[in-house]
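**Q** Taking the UniProt record's numbering, the leading residue of the sequence shown gets 1, the next gets one more, and so forth. All residues carry an ideal CB built from backbone N, CA and C; glycine is no exception. Treat the numbers as computed from the prediction; the structure is a model and nothing was measured.
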Amino acid sequence: MSVSDNNVKKHPDRGWGFMEQGAIGLAYVIVAALVVAGIWKLFSAKDSALEVTSLQTMMSNGTALKTGNGYDFSSGASMTGFLIQKGGAPAGFTVHGTPSSGTATLTNSYGGSVVMAPVATNGYNNGFTVTSQRVPQAGCIDIATRMMSAGSASSMIINSTDFSSGQVSSEAIGQACTADSGRTGNNTLVFTHNG
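1) Would you mind giving the Cβ-Cβ distance between residue 103 and residue 81, rounded to the nearest angstrom? I have them listed as a contact below 8 Å.
2) Taking a contact to mean a Cβ-Cβ separation below 7 Å, would you say residue 173 touches residue 141 in this structure?
3) Spatial neighbours of residue 125 within its chain, please: CB distance less than 6 Å, with the 5 preceding and 5 following residues excluded, ordered by chain position.
4) Sorted by chain position, which residues of the same chain lie with C-beta nearer than 8 Å to residue 83's C-beta, five sequence neighbours on each side aside?
5) For residue 100, which residues from the same chain have a beta carbon less than 8 Å from its beta carbon, with the 5 sequence-adjacent residues on both sides left out?
6) Can you tell me whether residue 183 is buried or exposed? The criterion is at least 16 other CB atoms within 10 Å of its CB, across all chains shown.
7) For residue 204 versus residue 31, is the C-beta distance shorter than 7 Å?
8) According to DSSP, simplified to helix, strand and coil, what is residue 65?
9) If you follow the beta strand (DSSP E) that residue 162 is part of, which residue opens it and which one closes it?
10) In chain order, what are the residue ranges of uninterrupted alpha helix (DSSP H) at least 4 long that sit wholly in the stretch 104–189?
11) Classify residue 169: buried if its beta carbon has 16 or more other beta carbons within 10 angstroms, exposed otherwise.
12) Considering just the uninterrupted stretch of the alpha helix (DSSP H) at residue 80, what are its terminal residues?
13) I'd like to know if the stretch 48–58 and the stretch 107–116 are in contact, where contact means that at least 3 CB-CB pairs between them fall below 8 Å.
14) Note down, in chain order, each residue of its chain lying with its Cβ closer than 8 Å to the Cβ of residue 203, except the 5 sequence neighbours on either side.
15) Rounded to the nearest angstrom, what separates residue 38 and residue 24 at their Cα positions?
16) Would you identify the three-state DSSP class for residue 70, choosing helix, strand or coil?
17) For residue 164, which residues from the same chain have a beta carbon less than 6 Å from its beta carbon, with the 5 sequence-adjacent residues on both sides left out?
18) Distance check for residue 74 and residue 97, CA to CA, integer angstroms please.
19) From residue 176 to residue 162, what distance separates their C-alpha atoms?
Quick look at the structure:
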């Protein structure tokens, strides 16, 4: 015979409490934020690599524009437009306007304009520059370092700092690249090709 105790109260299982659910919810939010930050960092690195490749392609394609009269263009707009018209615009840059018109323009992956312009020395256009605007600080440092270490340009200007003396230190590049304004880059990079 079994004896049952009628004085024992049974409490129904009420599941997880509010505190447990809140802690798990907070953990999900933190993990999601870390994933988004990691993806953002990957896309930023991709932009710099794409930008370097596009600038190197543009410098290479620009040398093909030289004639017996040098780089015989009256302005950066006409030289850039002709490069696009000829099919020499890098795939990493966005073309604005009709490519066949000779007046189309380019923007980089950061939304800044990209212009190729002739450089006159003693009245003869024997070189050209490629200017890329609105580059963020991290991209500025990465792009400038990669372009100069690869020997892609004869000289470089970051904002108003001229690096035409040859060797450029990473520290000097970091000091020349300025901080962003919110999500907009403030840096202008000018790469020069002589010859």
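**A** Taking the definition as stated:
1) Residue numbering aside, residue 103 sits at position 103 when the sequence shown is read from its first letter. Residue numbering aside, residue 81 sits at position 81 when the sequence shown is read from its first letter. Indeed they touch by this definition, with Cβ atoms about 5 Å apart.
2) Residue 173 sits at position 173 when you count from the first residue of the sequence shown. Residue 141 sits at position 141 when you count from the first residue of the sequence shown. Yes, they are a contact pair.
3) Working through the sequence shown from its first residue, we reach residue 125 at position 125. The answer, listed in chain order, is 70, 71, 118.
4) The residue you call residue 83 lines up with position 83 of the sequence shown. Close CB contacts of residue 83 within its chain, under the 8 Å cut and outside five residues either way in sequence, are with 58, 61, 62, 65, 89, 116 (chain order).
5) Mapped onto the sequence shown, residue 100 falls at position 100. Contacts found: 85.
6) Taking the sequence shown and counting its residues from 1, the one referred to as residue 183 is at position 183. Burial call: exposed.
7) Within the shown structure, residues of the chain are numbered from 1 to 195, placing residue 204 beyond reach of any answer.
8) Within the sequence shown, numbered from 1, the residue matching residue 65 stands at position 65. Three-state result, residue 65: coil.
9) Indexing the sequence shown from 1 puts residue 162 at position 162. 161–163 is the extent of the beta strand (DSSP E) around residue 162.
10) Those alpha helix (DSSP H) runs which fall completely within the stretch 104–189 and span 4+ residues are 137–149, 170–176.
11) Looking up residue 169 in the sequence shown gives position 169. Under this definition residue 169 is an exposed residue.
12) Taking the sequence shown and counting its residues from 1, one reaches residue 80 at position 80. Where residue 80 is concerned, the enclosing alpha helix (DSSP H) stretches over 76–85.
13) The answer is yes - the stretch 107–116 touches the stretch 48–58, with three or more Cβ pairs under 8 Å.
14) Examination of residue 203 is not possible in this model, given that the chain is present from 1 through 195 alone.
15) By 1-based counting over the sequence shown, the position of residue 38 is 38. By 1-based counting over the sequence shown, the position of residue 24 is 24. So the alpha carbons of these two residues sit roughly 21 Å apart.
16) By 1-based counting over the sequence shown, the position of residue 70 is 70. The three-state reading of DSSP puts residue 70 in strand, counting E and B together.
17) For the purposes of this step, residue 164 is identified with residue 164 of the sequence shown, where counting begins at 1. So the list reads 155, once near-sequence residues are dropped.
18) Along the sequence shown, read from residue 1 onward, the residue named residue 97 stands at position 97. Along the sequence shown, read from residue 1 onward, the residue named residue 74 stands at position 74. Note on geometry: alpha-carbon atoms of residue 97 and residue 74 lie some 20 Å from one another.
19) As a first step, residue 176 must be located in the sequence shown, where it is residue number 176. As a first step, residue 162 must be located in the sequence shown, where it is residue number 162. When rounded, the distance between both Cα atoms is 9 Å.
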